[in-house]
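Chemist: All letters in the sequence shown, in the order written, are residues 549 to 632 by this note's numbering. The beta-carbon is built from N, C-alpha and C at its ideal position, and this holds for glycine as well. These numbers come from a predicted model, not from an experiment.
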Amino acid sequence: MKNPHAKTYTVTISGREREDGEKPFTWVVDAGSEFLAGCKALGFHSDDQDEDFENLEIEEIFEGVPDPNCGYYWNDMRNGAVRR
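(1) So T560 and T574 are in contact, right, with Cβ under 8 Å, and what is the actual spacing, rounded?
(2) Which residues in the same chain have their Cβ closer than 6 Å to the Cβ of D578, if we skip the five residues on either side of it in sequence?
(3) Contact defined as beta carbons within less than 8 Å: I believe V576 pairs with D624. What is the distance between those atoms, to the nearest angstrom?
(4) Check the C-beta distance from Y590 over to F601 and give it rounded, since I have them as a contact under 8 Å.
(5) Can you give me the Cβ contacts of G586 inside the same chain, cut-off strictly under 7 Å, excluding the 5 residues immediately before and after it?
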């Protein structure tokens, strides 16, 4: 169940993959603040890419979801989405 005070944020994170020229990953999460959205997305990215937090860098955070014509894929982790 979504926190009624939570907002949707888009968080773009790069890790060590940037050293190989790979583009950053973008996560969409629900959180009570921009700070908490960053923490949540860092956790998803660290788990998904098996990377230590010190190798991760938040590139961008904004409120809302990416534009439908943004030109990049994003991982929707809102509403209790389960990682597979």
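Modeler: Looking at the atomic coordinates:
(1) Contact between T560 and T574 holds: their C-beta atoms lie close to 5 Å from each other, under 8 Å.
(2) For D578, where only same-chain residues beyond five positions count, the Cβ hits under 6 Å are K550, A554, T556, R626.
(3) Contact holds; Cβ gap of about 5 Å.
(4) For the sequence presented, residue 590 should be read as Leu rather than Tyr. That pair is a contact at about 6 Å.
(5) V559, I606, I609, listed in sequence order.
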